[in-house]
Structure formats: C-alpha cells, structure tokens
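First comes the structure, then the notes that go with it.
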Amino acid sequence: MKKKQKQFAVIGMGRFGQSVANTLFNTGYEVLAIDNREKKIEEMAKKVTHTVQADATDEKALRSLGLRNFDVVIIAIGDDDINASIMTTLLVKEQGVQMVVAKANSENHGKILDKVGADRVVFPERDMGVRVAHNLECTNILDHIELTPEYSLAEIEVTENLANKSLKELDLRAKYGINVLAIKNCNDEVNVSPGADVKINRGDILIAVGKEDKIKKIEEI
Ligand code: ATP
C-alpha cells in the first residue's frame, strides 16, 4: 500500500512562511499556502501545491479550508500583527489540527502562543541570531546545531593545541563533559565511535556533543 503523502498548510507568506512552504514543497510534500494578500498568493502560485487567499482570523473562512485534514499547520504570521498570529493559532487548534507550529517574534509572544495551544513555538530570528553569532565567535567551530538551549552538536576543527594527542590524553569527557562521536580526517574518512587511544591530527574534525559553554572552552585549550 502506498504511504499517504504528508500534508502541510502554511499560513502567512512573509519571508519565513515562503521559505518554509517552498522547502517543504521542494522536498516532495503537499503544501497549501494561505495569505490574506492577493499579491502574496500570486507570488506563491507556482511554488506550492495549492494557494488560498483568506483571512486566517475569520473563523468561517478558516473552517472552510478543512485544515483538520492536514498533518501539520505552520502559522507564520507575525511581525506586523501579533494579534492575528495569536487568534489564528487559537482557531486552528480549536478546529482539531493535531500539530500546530507557530512562529514567535519575542519571548512574550511565544508564551502566549504556547498558552493558546501551539504544539511547537519557533523563534526563527532569535535562533538565526544565535547561529550567526556562534559562527562568528568560534573560529574552529565549523558548524553548530543547538540540540537544547544547553546542549549542542558541534563540528570542531583540530588546531595546533589539540593536535597530536590521543582522546585519552585530551580527556575531553572528564574535563569538559564533551563526547566525541566521530572524527573526520582531511580525506573525508570518518572514524565513528573512536576509541580512547585514537590520535587526532591537525585539520581533523571532531563531531562532538556537549554543553554549549564547554564547547566554547575548547577554543581556549
Ligand atoms: P516577514 O518578516 O516574514 O517577511 P512580513 O513582515 O511581510 O513577514 P508579517 O506581518 O510577518 O509580514 O506577516 C507574514 C504574512 O502573513 C504576510 O504576508 C501577511 O500578508 C500575512 N498575514 C497577516 N495577517 C494575516 C491574516 N489574518 N490572515 C492571513 N494572512 C495574514
């Protein structure tokens, strides 16, 4: 039996909403894009599966879209009209949508979205700011994924100070609570779950999990 294609609806075609809708569609999902402005709907017509011009705070109009049948509804209204974002989240949740993801502009906005029923609240601007800052700040941290506000997965380039030592000698786990999951060398060969005696060389990349502040400390070794 063919697996049913996951269906997404994205409300609000600002830059964030468009980017989410586009990416989901290009990944192969069915995407309905909703906005109350005709211009935005025209812009998206060829970039998603369906488009509808509707005011998402109008309960009747919203109900007629049958959002209950969608697996995930993303509410990307925000910058100019926090009330519309809150109202839409409440109405969409009331209509029985299982998974509602809502975009927040601030901590307070996020708290309200959570209270009115959003299953997940995202802070794209804050999160992007954090990522950019990390990338600028940590010269030998190549990539960085925040797993929780406290823990991260990071790619750390081995500089002179770390090089030519074994993992045992570096003792990152005991000293910093950092676990090295894999080591990639300059030929792109990956050693998964490296043993304590594995020596690391300059230019290797450590793929490691640990607390954010401790990962930063590696810079200072
Ligand atoms: P961005 O900063 O992401 O580019 P923006 O500043 O253009 O967004 P926002 O106020 O964040 O605009 O709103 C995002 C989109 O949501 C806009 O395209 C706007 O037309 C749409 N929108 C706002 N209110 C509603 C509503 N009640 N129903 C449907 N769409 C709405």
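Just so you know, the numbering used here puts 321 at position 176 of the sequence shown, and the rest follows in order with no gaps.
Every residue, glycine too, gets a C-beta built ideally from N, C-alpha and C.
Note that the coordinates shown come from a computational prediction; the quantities given were computed from them, not determined experimentally.
| query | result |
| --- | --- |
| Just checking N167 against the ligand ATP - is the residue's beta carbon closer than 8 angstroms to any of the ligand's heavy atoms? | no |
| In chain order, what residues place their C-beta within less than 7 angstroms of a heavy atom belonging to the ligand MN? | No copy of the ligand MN occurs in the structure displayed; its ligands are the ligand ATP alone. |
| Tell me whether the beta-carbon of V176 lies closer than 9 angstroms to the beta-carbon of L212. | no |
| Under 8 angstroms Cβ to Cβ from I328, same chain only, skipping five residues before and after it: list those, please. | V335, N336, P339, V343, I345, D349, I350, L351 and I352 |
| Assuming contact is defined by CB atoms lying nearer than 9 angstroms, are I219 and V155 in contact in what I supplied? | yes |
| Is it true that the CB of T234 sits closer than 9 angstroms to the CB of G91? | With the chain represented from 146 up to 366, any question about residue 91 goes unanswered, as that position is not in the structure. |
| Are the beta-carbon atoms of L258 and I231 separated by less than 9 angstroms? | yes |
| Rounded to whole angstroms, what is the Cα-Cα separation between V242 and Q152? | 12 angstroms |
| Which runs of the alpha helix (DSSP H) fall wholly inside the stretch 233-282 and span at least 4 residues, in chain order? | 252-260 and 269-282 |
| Can I290 and I360 be called in contact, C-beta distance under 9 angstroms? | no |
| Is it right to say M244 is buried, meaning 16 or more other beta carbons lie within 10 angstroms of its own, or is it exposed? | exposed |
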